[in-house]
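A.B. asks: Quick note: the sequence shown, position 40, residue 854 per my numbering, numbers continuous. We put the CB at the ideal spot given by N, CA and C, even for glycine.
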Amino acid sequence: MKKMEVETKKAIFTSDQIIIKKRKKNIVIPLDKVDRMLYAKFTIKNYFALIAYGKYAPGVLYIHLKEKINNKKMYCFYIKYENIIKVPKNIYKKISFFGSEIPMGSTDPWY
815 MKKMEVETKK AIFTSDQIII KKRKKNIVIP LDKVDRMLYA KFTIKNYFAL
865 IAYGKYAPGV LYIHLKEKIN NKKMYCFYIK YENIIKVPKN IYKKISFFGS
915 EIPMGSTDPW Y
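#1: Under 8 angstroms by Cβ, that's how I've got Asn-840 and Ile-833 pegged, so tell me the actual separation to the nearest angstrom.
#2: Less than 9 angstroms separating the beta-carbons of Leu-875 and Lys-887?
#3: Kindly indicate the opening and closing residues of the alpha helix (DSSP H) around Tyr-870.
#4: Is it the case that the stretch 890-908 contacts the stretch 845-855, given that we only count it when at least three CB pairs across the two stretches are under 8 angstroms?
#5: In three-state terms, what does DSSP make of Ala-863?
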């Protein structure tokens, strides 16, 4: 399989890992340690919808882990939607996107 790599201001996405750029030391997150990823495109509608949920913000990629890496189970960073759609397909498929139209009977706004 050809290794695809996409670099943004805050991270590097490869086909098997995500590298978050930090000043002192980069954080390497293997894909097999990722539990789920959440992203809400920055729109006015999403901004006001997310206020009700309190702990999330639009334009931020939240990476929840199965086990701790550097003593943390969750990492997040700002990333533009234009860059999200460029990440390798296997990573893109793991991202749950926020939708302000929640399906009937569902309490989870992430689809």
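C.D. replies: Working from what's here:
#1: 5 angstroms
#2: no
#3: That residue, Tyr-870, is in no alpha helix (DSSP H); it is neither H nor E in DSSP.
#4: yes
#5: helix
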